[in-house]
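There are 2 protein chains.
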Amino acid sequence: MALTAKGRATRQRIIEGAAAYLRSDDPAGVTLDDIRAITGTSKGQIFHYFPDGKEELFLAVARYEAGRVLDDQQPHLGALTTWSAWERWRDAVIARYHAQGRNCPLGALMSQVGSTPGAAEVVTSLLNRWQFHVKEGIEEMQDTGLVRPDVNADRVAAAFIAGIQGGVQVLRSTGSIAHLEASLDTLIDHLRS
Amino acid sequence: MALTAKGRATRQRIIEGAAAYLRSDDPAGVTLDDIRAITGTSKGQIFHYFPDGKEELFLAVARYEAGRVLDDQQPHLGALTTWSAWERWRDAVIARYHAQGRNCPLGALMSQVGSTPGAAEVVTSLLNRWQFHVKEGIEEMQDTGLVRPDVNADRVAAAFIAGIQGGVQVLRSTGSIAHLEASLDTLIDHLRS
DNA sequence: ACCACAGTGGACCGGGCGGTCCAGAAAACC
DNA sequence: GGTTTTCTGGACCGCCCGGTCCACTGTGGT
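Chains S and W, in that order, give the protein sequences.
Taking my numbering, I'd label the letters of the first sequence as residues 20 to 212.
Taking my numbering, I'd label the letters of the second sequence as residues 20 to 212.
The structure is reproduced here in structure tokens:
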């Protein structure tokens, strides 16, 4: 499939329109017709740009959203070298999910696309990169003596990832961001001790 | 709707059959016909016992599964009074989810039933009870001097809940139980410090 | 100017699935 | 034993929605 400039623009419009829709509406039951209407396109176009249909489109949207997740945490996530950087990162994460409220675009995608290999790969890759940055941050703090050297950086980084995921899930279910805050604060406390 | 003994038995058979099916199969796309086939019943019976159809049935299954979640952690969860009790609890949680693998019945239900008020209530109630037990455990440890008194018991309990939820979610996505272990171990370490 | 191919619109199809309906079997009640 | 209520089976309906198809319209290259 060779794409012209116009084609690329349309394809992108579909992805971004679908992402915006997912970010603002009920996760359950997002239909191709919805996306068609939102993006001002037609069935023909959707299947022209995503020949494998719904799954391929949703995977593209998932990849797009996965990129945004880490971007929204920059530049803090990439330079966790001081305690104040950790605090700013904490605030950025909370602000992001607070703004998003109970609509987690990635979560919505995942519950739709189910457990296809492609979906698993997107999530795994995102979590790996995320955890890597946190681990790097902890190790740098250890290098400068701000965190005790006997802390297992990778294990605590994994705890951070789990805590954030769980906090977001609780936010989605109950609407309360307290668990996300508690998780981040407790783990940062742990590093400080 | 007045139920005879036979009726109650059939109703229960439907719930338990559906729960077993959910526990062992692809979350996405569980259909009433599947449940009908598994439980050896008929459409008429399903709508006889669950007049509001799919949503009512799935909510009943969710309530049933929510009960099991805490039961599977007993008696450890109810008596977190020594470090070895915490270790046994940790092991019970990990064993439970290790056995369950990537099939989280409650998670599957939630992604199907979406974000109806009833579903939110089931999850909220489960998480509250769960967190309460953990908080009680921390406070008892503080009373006996095993945990420092300046630890915010409720906040750390919330971090536990978030960490467990996130760990399970990572398990569902990636198949790795490492995050659940890391989360529990790190938080218990934190209490010990 | 022409042609090949990308882009676009929308009618149409077919299966899946939640839900309805009713008729007959089985209990329960008097 | 008769009548009323509950229980059971399964045929049937209708919509929703993913996917197909094809005709038409740009657009870019030579």
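Here a beta-carbon is modelled for each residue, glycine too, at the ideal position from N, C-alpha and C.
### Message
Taking beta-carbon pairs under 7 Å, can you tell me which members of the segment 178 to 203 of chain S lie near chain W?
### Response
178, 180, 181, 182, 183, 184, 185, 186, 188, 189, 192, 193, 197, 198, 199, 201, 202
Looking at chain W, is there any beta carbon in it that lies within less than 7 Å of the beta carbon of residue 117 (chain S)? Translated into positions along the first sequence, residue 117 (chain S) becomes position 98. So, not an interface residue.
By the 10 Å Cβ neighbour count, where 16 or more other Cβ atoms means buried, how is residue 117 (chain W) classified, buried or exposed?
-> Taking the first residue of the second sequence as 1, we reach residue 117 (chain W) at position 98. Counting Cβ neighbours within 10 Å, residue 117 (chain W) comes out exposed, since fewer than 16 surround it.
Mind listing which residues of the segment 35 to 57 of chain S have their C-beta closer than 9 Å to chain W's C-betas, in chain order? 45, 46, 47, 48
If you draw a straight line from the alpha carbon of residue 132 (chain S) to that of residue 74 (chain S), how long is it in whole angstroms?
-> Here residue 132 (chain S) refers to the residue found at position 113 when the first sequence is read from its first residue. Here residue 74 (chain S) refers to the residue found at position 55 when the first sequence is read from its first residue. Cα to Cα, the separation comes out at about 6 Å.
Quiz prompt | residue 98 (chain W) versus residue 162 (chain W): straight-line alpha-carbon distance, rounded | solution = As a first step, residue 98 (chain W) is located in the second sequence; it is residue number 79 there, counting from the start. As a first step, residue 162 (chain W) is located in the second sequence; it is residue number 143 there, counting from the start. Taking the straight line joining both Cα atoms gives about 14 Å.
| task | Write down the C-beta distance between residue 51 (chain S) and residue 81 (chain S) rounded to the nearest angstrom, noting that I regard them as a contact closer than 8 Å. | result | For the purposes of this step, residue 51 (chain S) is taken as the residue at position 32 of the first sequence. For the purposes of this step, residue 81 (chain S) is taken as the residue at position 62 of the first sequence. About 16 Å separates the two Cβ atoms, so there is no contact after all.
| task | Just the C-alpha distance for residue 142 (chain S) and residue 172 (chain W), rounded to the nearest angstrom, thanks. | result | In the first sequence, residue 142 (chain S) corresponds to position 123, counting from 1. In the second sequence, residue 172 (chain W) corresponds to position 153, counting from 1. Approximately 32 Å, taken between the alpha carbons.
Touching or not, the segment 54 to 73 of chain W and the segment 102 to 115 of chain W, by the rule of three or more beta carbon pairs under 8 Å? no
Quiz item: Would residue 79 (chain W) count as contacting chain S if we go by Cβ distances under 7 Å?
Solution: On the second sequence, residue 79 (chain W) is found 60 positions in, with the first residue counted as 1. It does not; no Cβ of chain S falls within 7 Å.
Discussion item. Quick check on the DSSP output: the alpha helix (DSSP H) that includes residue 196 (chain S) runs from which residue to which?
Written reply: In the first sequence, the residue the question calls residue 196 (chain S) occupies position 177. No alpha helix (DSSP H) contains residue 196 (chain S), which DSSP labels as neither H nor E.
Quiz item: Within the chosen definition, does the segment 180 to 191 of chain W reach the segment 182 to 194 of chain S through at least 3 CB pairs nearer than 8 Å?
Solution: yes
I need the DSSP call for residue 165 (chain S), collapsed to helix, strand or coil. On the first sequence, residue 165 (chain S) is found 146 positions in, with the first residue counted as 1. Residue 165 (chain S): coil per DSSP, three-state reduction.
Note to self: Quick check on the burial criterion: 16 or more other C-beta atoms within 10 angstroms. Buried or exposed for residue 148 (chain W)?
What the structure shows: For the purposes of this step, residue 148 (chain W) is identified with residue 129 of the second sequence, where counting begins at 1. It is exposed - the Cβ of residue 148 (chain W) has fewer than 16 other Cβ atoms within 10 Å.
Quiz item: Do three or more CB pairs link the segment 154 to 170 of chain S to the segment 85 to 98 of chain W at distances below 8 Å?
Solution: no
**Prompt:** Does any residue of chain W bring its CB to less than 7 Å from the CB of residue 60 (chain S)?
**Reply:** For the purposes of this step, residue 60 (chain S) is taken as residue 41 along the first sequence, with counting starting at 1. Chain W contact via Cβ: absent.
**Q.** Under 7 Å between C-beta atoms of residue 241 (chain S) and residue 26 (chain S)
**A.** Given a span of 20 to 212 for chain S in the structure shown, any question on residue 241 (chain S) remains unanswerable.
- Message: Judging by CA-CA distance, which residue of S:33, S:47, S:208 is the nearest neighbour of residue 123 (chain S)?
- Response: In the first sequence, counting from the first residue as 1, residue 123 (chain S) sits at position 104. The shortest Cα separation from residue 123 (chain S) among S:33, S:47, S:208 belongs to S:47.
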